[in-house]
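A.B. asks: Protein chains in written order, with this note's numbering: chain A, 1 to 296; chain B, 1001 to 1296.
Ideal Cβ positions, reconstructed from N, Cα and C, are used throughout, including at glycine.
First, the structure itself, so that you have it in front of you.
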């Protein structure tokens, strides 16, 4: 586990350096916008999504530069979603990862625009020939990222979340769908991108899809567990928030114990999807344990 | 001119029908999001950007279906920018084209998400193989749209606009840059997309770039003239707003007469760029007159 933690940090550092080079420099009269984009995208973060892209892609022999650029694009997309989710009209959060959120550090208009422009930057980064020599691979990445993050992916999930299924609602199907769209789709794409960049065949893709699907759900269940139990100084954001708003979560529906068991079960299932890859998938297996055991 | 108006309306109708088919149907728990996206994108509008894509592409012999899809993608991008520009933290507009803006008709969170998801939809539409058989053409379209609309294009221009150059500021260079980024870049891309889809050579592209550059500026100068002089029931939105906020515009800096002259001069220049295309460019020439003379 210590070895995994080190690899995750190493990958996060590489992604941060690459992102710093890929994002525009604050210059000209549009400077505050670029500065806010950089504040959000280059701030502290585990960078778990780019890590998954790198891990899956390396296992399958994809080129390092393309994996890194694609990981950066996914991180830009993720950063945009956090900025907009934190807005007063959405979750109204003042603090994220121990720092003021973008609309607090800058202002609301700049936060909206910084999110908008980070989404655009994600797609722009993917189009660069340095991402992959083949334009059909690049266009497949753009299509996959769009599908994962649009109305029938991440944004749709946030819409369902905003409509606030309450604790009275014990529809586990709806909550699963919500999180499958809101967080799962982008996590799945992060893994899938490694396969796209290595031009993996459909068997490989299907196995990784199953893995990523389970991993995304585990991620959310653990999020709900941390929200229900965590301490603010551990997670760097306000906790107990969902429960306080009377929102339905995996924990309010299943209870702490059953939620934990479900996560553990999904962990076994996620690892089983990796069987065909043997020892090469060790790091992806370790990622499951990391997500299961994470305290932040 | 009556002929042009008819062609513009015909093209707008075709774009609306195509958009209706391309956007997802309101269904499932994410329904309000999709409904808001459709409200914004399918509402009344001149659809001048898709018109330019169709006109330039037809002149150069590009395929109709790809032109239409690309025009729809650009219209989605444009619709997203209007939703976000209208938000309370931005221009705070309640009415657009005679209808309640999205955050009034729905709510603020839904408006932010609908804008986000329309941006994503724009890129997704471009990636479809029906847009062009060649993936390198599709990836070029994605790259061009991203460049035109990101931090160093449309979003950057809106940032400069938010920083509100006031009437005391008579920096015509800054105002020109603002509008070149905020509206000009996307108008330019709309024309350029026709050239990309027809795989035009660099001479053709350069000429069309010059044309689109001038047309975008004319569009904004006329906007400022309409804002200074127009009546609310003609433009379907509040007028006198920029002047009321003490914002610098082409009109406050140059005065009405000189602004009009500058637009006319740019019109001549725009048409001169079309000389190499002879009679084939008649409709693009007519577009210049239309933009110069528009009352809404």
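Less than 8 angstroms separating the beta-carbons of residue 34/A and residue 26/A?
C.D. replies: Yes. Within cutoff.
A.B. asks: Would you tell me roughly how many angstroms separate the C-alpha atoms of residue 1013/B and residue 193/A, rounded to the nearest one?
C.D. replies: C-alpha separation (whole angstroms): 38 angstroms.
A.B. asks: Going straight from the alpha carbon of residue 1138/B to that of residue 1063/B, what length do you get?
C.D. replies: Looking at the two C-alpha atoms, the distance is approximately 13 angstroms.
A.B. asks: State the DSSP-derived secondary structure class of residue 247/A, mapped to helix, strand or coil.
C.D. replies: If DSSP states are grouped into helix, strand and coil, residue 247/A belongs with the strands.
A.B. asks: Which full runs of the alpha helix (DSSP H) of 4+ residues lie inside the segment 157-190 of chain A, going along the chain?
C.D. replies: Counting only runs of 4 or more, we get 172-179.
A.B. asks: I'd like to confirm the pairing. Which residues does DSSP put opposite residue 100/A in its beta bridges?
C.D. replies: According to DSSP, residue 100/A bridges with 95/A.
A.B. asks: Could you check the C-alpha separation between residue 1274/B and residue 1267/B for me, to the nearest Å?
C.D. replies: Answer to the nearest angstrom: the Cα atoms are 11 angstroms apart.
A.B. asks: Does DSSP classify residue 118/A as helix, strand or coil?
C.D. replies: Residue 118/A: helix per DSSP, three-state reduction.
A.B. asks: Output, in chain order, the set of chain B residues within a Cβ distance shorter than 9 angstroms of residue 160/A.
C.D. replies: Correct list: 1028, 1029, 1030, 1033.
A.B. asks: Give me the chain A residues within the contact set of residue 1174/B, using Cβ-Cβ distance strictly less than 9 angstroms, ordered along the chain.
C.D. replies: By Cβ distance, chain A contributes 29.
A.B. asks: Counting Cβ pairs closer than 8 angstroms, one from the segment 181-188 of chain A and one from the segment 214-227 of chain A, do we hit at least three?
C.D. replies: Yes, the segment 181-188 of chain A touches the segment 214-227 of chain A.
A.B. asks: Look at the alpha carbon of residue 259/A and the alpha carbon of residue 224/A, and state the distance between them as a whole number of angstroms.
C.D. replies: Answer to the nearest angstrom: the Cα atoms are 9 angstroms apart.
A.B. asks: Who are the neighbours of residue 142/A on chain B, taking C-beta pairs under 9 angstroms?
C.D. replies: Residues of chain B passing the Cβ test: 1123, 1124, 1126, 1127, 1138, 1139, 1142.
A.B. asks: If you draw a straight line from the C-alpha of residue 49/A to the C-alpha of residue 1176/B, how long is it?
C.D. replies: Rounded to the nearest angstrom, the two C-alpha atoms are 40 angstroms apart.
A.B. asks: What number of angstroms, rounded off, separates the C-alpha of residue 195/A from the C-alpha of residue 70/A?
C.D. replies: Their backbone Cα atoms lie some 12 angstroms apart in a straight line.
A.B. asks: Could you give the residue range of the alpha helix (DSSP H) that holds residue 10/A?
C.D. replies: 2-22 is the extent of the alpha helix (DSSP H) around residue 10/A.
A.B. asks: Using the three-state DSSP reduction, which class does residue 271/A fall into: helix, strand or coil?
C.D. replies: Helix at residue 271/A.
A.B. asks: Measure the C-alpha to C-alpha separation of residue 1077/B and residue 1084/B and round it to an integer number of angstroms.
C.D. replies: For residue 1077/B and residue 1084/B, the distance between alpha carbons rounds to 11 angstroms.
A.B. asks: Examine the Cβ distances between the segment 1112-1132 of chain B and the segment 1141-1153 of chain B and report whether three or more of them are shorter than 8 angstroms.
C.D. replies: Touching, yes, given that three or more Cβ pairs across the two stretches are closer than 8 angstroms.
A.B. asks: Measuring only the C-alpha atoms, how far is residue 253/A from residue 226/A?
C.D. replies: Approximately 15 angstroms, taken between the alpha carbons.
A.B. asks: Hey, would you say residue 290/A sits closer than 8 angstroms to residue 59/A, going by beta carbons?
C.D. replies: No, Cβ-Cβ distance for residue 290/A and residue 59/A is not below 8 angstroms.
A.B. asks: Which word fits residue 1081/B, buried or exposed, when buried means at least 16 other C-beta atoms lie within 10 angstroms of its C-beta?
C.D. replies: Its Cβ being crowded by 16 or more others within 10 Å, residue 1081/B is buried.
A.B. asks: Given a limit of 7 angstroms on CB to CB distance, which residues of the segment 1073-1104 of chain B reach chain A?
C.D. replies: Hits within the stretch, in order: 1084, 1087, 1089, 1090.
A.B. asks: Figure out for me which residue from 30/A, 23/A, 53/A has the closest Cα to the Cα of residue 41/A.
C.D. replies: With distances taken between Cα atoms, residue 41/A lies closest to 23/A.
A.B. asks: Could you confirm whether any beta carbon from chain A is found closer than 8 angstroms to the beta carbon of residue 1170/B?
C.D. replies: Taking Cβ atoms only, chain A never reaches closer than 8 angstroms to residue 1170/B, which makes this a no.
A.B. asks: On the three-state DSSP scale, how would you describe residue 1064/B?
C.D. replies: Residue 1064/B falls in the helix class under three-state DSSP.
A.B. asks: If you drop the 5 nearest sequence neighbours on each side, which residues of the same chain put their C-beta closer than 7 angstroms to that of residue 1119/B?
C.D. replies: The answer, listed in chain order, is 1077, 1080.
A.B. asks: Give the range of the alpha helix (DSSP H) segment to which residue 1152/B is assigned.
C.D. replies: Counting along the chain, residue 1152/B falls outside any alpha helix (DSSP H), and DSSP gives it neither H nor E.
A.B. asks: So what does DSSP say about residue 216/A, is it helix, strand or coil?
C.D. replies: It is helical.
A.B. asks: Could you spell out the range, first to last residue, of the alpha helix (DSSP H) harbouring residue 1057/B?
C.D. replies: Where residue 1057/B is concerned, the enclosing alpha helix (DSSP H) stretches over 1048-1059.
A.B. asks: Counting only the same chain and skipping the five closest in sequence on each side, list residues whose C-beta sits under 6 angstroms from that of residue 55/A.
C.D. replies: Closer than 6 angstroms at the Cβ level, and outside the excluded window around residue 55/A, lie 283, 284.
A.B. asks: Compile a chain-ordered list of the residues in the segment 1105-1121 of chain B whose CB is closer than 9 angstroms to at least one CB of chain A.
C.D. replies: Within the segment 1105-1121 of chain B, the qualifying residues are 1107, 1108, 1109, 1110, 1111, 1112, 1113, 1114, 1115, 1116, 1117, 1118, 1119, 1120, 1121.
A.B. asks: Name the chain A residues that come within less than 8 angstroms of residue 1220/B, Cβ to Cβ?
C.D. replies: The contacting residues do not exist; residue 1220/B stays about 16 angstroms from chain A at best.
A.B. asks: Within 10 angstroms of its Cβ, does residue 1173/B collect 16 or more other Cβ (buried), or is it exposed?
C.D. replies: It is exposed - the Cβ of residue 1173/B has fewer than 16 other Cβ atoms within 10 Å.
A.B. asks: Would you please state the rounded distance, in angstroms, between the beta carbons of residue 1126/B and residue 1111/B? I believe it to be under 8 angstroms.
C.D. replies: Between residue 1111/B and residue 1126/B the Cβ distance is about 24 angstroms, and since that is not below 8 angstroms, they are no contact.
A.B. asks: Under 8 angstroms between C-beta atoms, does residue 1182/B make it to chain A?
C.D. replies: For residue 1182/B, the answer is no, since every Cβ of chain A falls outside 8 angstroms of its Cβ.
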